[in-house]
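**Q**
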Amino acid sequence: MILDNETTHQFAELALAALRKTGLAATPRNYELWYAHVEGKNPSLSAHIQKAMDSTGKVTQEKADQLYKKLVQHSDISNDVIDLMTRFHTEVTDLYDIVEQTGESAQGHSEKLSDMSDQLRDSTEKFPAVGALLEGVISVAKTMREENQYLEDRLAASIEEVNTLQRDVEAIQREAMQDALTGVANRATFDRSLEKHMSEAKENGEPLALVLGDIDHFKKFNDTWGHQTGDQVLRLVAEVMNANVKGMDMLARYGGEEFAVVLPGTTLENAHRLADKIRCAVESRRLRKRRTDEDLGVITMSMGVAQLHAPDTMETLIERADGCLYAAKSAGRNRVCDERELKTPDEESHQGVA
1 MILDNETTHQ FAELALAALR KTGLAATPRN YELWYAHVEG KNPSLSAHIQ KAMDSTGKVT
61 QEKADQLYKK LVQHSDISND VIDLMTRFHT EVTDLYDIVE QTGESAQGHS EKLSDMSDQL
121 RDSTEKFPAV GALLEGVISV AKTMREENQY LEDRLAASIE EVNTLQRDVE AIQREAMQDA
181 LTGVANRATF DRSLEKHMSE AKENGEPLAL VLGDIDHFKK FNDTWGHQTG DQVLRLVAEV
241 MNANVKGMDM LARYGGEEFA VVLPGTTLEN AHRLADKIRC AVESRRLRKR RTDEDLGVIT
301 MSMGVAQLHA PDTMETLIER ADGCLYAAKS AGRNRVCDER ELKTPDEESH QGVA
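Per the UniProt record's numbering, the sequence shown runs over residues 1 to 354.
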């Protein structure tokens with residue numbers, strides 16, 4: 001008599017539950033032995049199983065193997081069932097091992113497992129006794145494929161979300177480090193950079209120079225042509241200066257119409273030459289009003305250059321570069337002055353210079 005699906009499912013559940021109580025693993029052989037036991041068609045087998053149990057209802061694997069060899073192994077279907085279950089068990093084990101060890105997608109292996117499942121489904125028509133168990137495992141394989149696809153989709157979505165967040169964070173960091181009007185580094189970034197490069201220069205015994213530059217007569221220009229044109233001047237100066245700053249050099253808007261350039265590994269002489277090159281580049285650019293194309297003339301800059309000395313702090317280096325800048329202003333503007341030309345504090349006065 002061929003059993004209906006519901007009955008085979010019930011027997012399968014009973015067999016697995018009985019195996020669990022006896023403390024045996026649900027291997028193909030143990031499952032076949034206990035399925036035959038709960039099915040009730042072999043009273044001799046059931047009697048031998050009862051005798052094999054100890055006082056707690058447990059059965060050793062050695063006794064189970066003996067019962068299998070004596071009462072089951074010579075049946076017509078036993079070898080086919082063992083082969084069928086073993087092949088399926090090998091496929092599942094290999095799949096899990098590959099996924100666990102490599103972390104790669106299980107999609108290709110799941111497809112192979114699906115083909116194997118179809119073959120096993122055909123085989124179960126010949127062996128109803130193992131049909132219920134195989135149907136359950138096939139169902140698990142299908143669920144695994146579906147969950148794997150879901151996880152892959154979620155992983156792809158998560159990666160894109162992380163990339164978006166990373167781009168947002170980078171944009172926020174850039175905004176925090178840049179001057180909003182000119183796009184060059186802001187004062188806070190300048191302070192951090194100068195402190196870092198000064199420390200490295202002192203530690204490595206390397207030169208470092210600082211250039212401070214100020215747009216000449218900017219307040220008058222701003223009052224005459226308006227703040228929008230003044231902003232245009234600041235952007236133009238930043239663009240020209242940035243084009244002449246290379247490598248580790250760092251350009252920053254120091255404040256208002258004043259800019260700073262940190263020059264690691266640069267001597268005072270080379271820093272002076274670079275400052276003068278920037279000054280000439282700025283002077284060579286004529287400014288035109290955007291709306292009317294009106295010629296607003298040329299822009300000039302005064303620049304001061306200071307060299308790092310061993311006792312220097314950030315404050316003393318900046319103060320010396322600032323003193324050179326105002327010396328350039330006092331000498332007629334549109335020029336570069338370095339600390340070799342700096343007057344003593346008693347001779348120097350910043351009053352009235354703009």
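Positions of the beta carbon are idealized from the N, C-alpha and C atoms, including for glycine. Computed from a predicted model, the values in this text were never measured in an experiment.
Run the CB neighbour count on Val298, radius 10 Å, all protein chains shown included, and call it buried at 16 or more, exposed below.
**A** Exposed, because fewer than 16 other Cβ atoms sit within 10 Å of the Cβ of Val298.
**Q** Is it buried or exposed for Tyr150, if we count other Cβ within 10 angstroms and need 16 for buried?
**A** When all chains shown are included, Tyr150 counts as exposed.
**Q** What are the start and end residues of the beta strand (DSSP E) that includes Ser302?
**A** 301–307 is the span of the beta strand (DSSP E), which, as asked, contains Ser302.
**Q** So what does DSSP say about Pro264, is it helix, strand or coil?
**A** Strand, per DSSP.
**Q** Counting only the same chain and skipping the five closest in sequence on each side, list residues whose C-beta sits under 6 Å from that of Glu39.
**A** So the list reads Phe11, once near-sequence residues are dropped.
**Q** Is the separation between the beta-carbon of Val305 and that of Leu194 shorter than 9 Å?
**A** No.
**Q** Are Met303 and Cys337 touching if we call contact CB-CB under 9 Å?
**A** Taking 9 Å as the Cβ cut-off, Met303 and Cys337 qualify as a contacting pair.
**Q** Check this for me: beta carbons of Arg333 and Asp216, under 9 Å apart or not?
**A** Yes, these two residues count as a Cβ contact at 9 Å.
**Q** For the candidate residues Tyr35, Trp225, Pro264, whose alpha-carbon lies nearest to that of Asp293?
**A** Taking only the C-alpha atoms, the option nearest Asp293 is Trp225.
**Q** What three-state label does DSSP hand Val184 in the structure shown?
**A** Looking at Val184 - three-state DSSP - the assignment turns out to be coil, as it is neither helix nor strand.
**Q** Which two residues bound the contiguous beta strand (DSSP E) that contains Ala209?
**A** Element bounds for Ala209: 208–215.
**Q** Considering only the alpha carbon of each residue, which of Tyr35, Leu24, Thr27, Thr22 lies closest to Glu13?
**A** It is Tyr35.
**Q** Kindly indicate which residue of Asp312, Gln178, Ala327 has the alpha-carbon position closest to the one of Leu251.
**A** Out of Asp312, Gln178, Ala327, Gln178 has the C-alpha closest to the C-alpha of Leu251.
**Q** Measure the beta-carbon distance from Ala327 to Leu308 and round it to whole angstroms, keeping in mind my assumption that it falls under 8 Å.
**A** With 8 Å as the limit, Ala327 and Leu308 do not qualify as a contact, their Cβ atoms being about 19 Å apart.
**Q** For Met250, write down the residues that DSSP places opposite it in a beta bridge.
**A** Its beta-bridge partners are Val262.
**Q** Identify whether Leu342 lies in helix, strand or coil by the three-state DSSP scheme.
**A** If DSSP states are grouped into helix, strand and coil, Leu342 belongs with coil.
**Q** Between the C-alpha atoms of Lys41 and Ala47, what's the straight-line distance to the nearest angstrom?
**A** Distance between the alpha carbons of Lys41 and Ala47 is about 12 Å.
**Q** If I measure Cβ to Cβ from Glu258 and keep anything under 6 Å in the same chain, skipping five residues before and after, which residues do I get?
**A** Asp214.
**Q** What residue ranges within the stretch 1–84 form continuous beta strand (DSSP E) runs of no fewer than 3 residues, ordered along the chain?
**A** If we require 3 residues or more, the stretch 1–84 turns out to have no beta strand (DSSP E) run fully inside it.
**Q** Do the CB positions of Asp191 and Met314 come within less than 9 Å of each other?
**A** Taking 9 Å as the Cβ cut-off, Asp191 and Met314 qualify as a contacting pair.
**Q** Short of 6 Å in beta carbon distance, which residues of its chain neighbour Ile49, apart from the five on each side in sequence? Order them along the chain.
**A** Correct list, in chain order: His37.
**Q** Within its chain, find whatever has a CB closer than 7 Å to the CB of Asn242; leave out the 5 residues flanking it on each side and keep chain order.
**A** Around Asn242: Val184, Leu251.
**Q** Closest by CA to Ala238, which one among Glu319, Pro43, Leu181?
**A** Taking only the C-alpha atoms, the option nearest Ala238 is Leu181.
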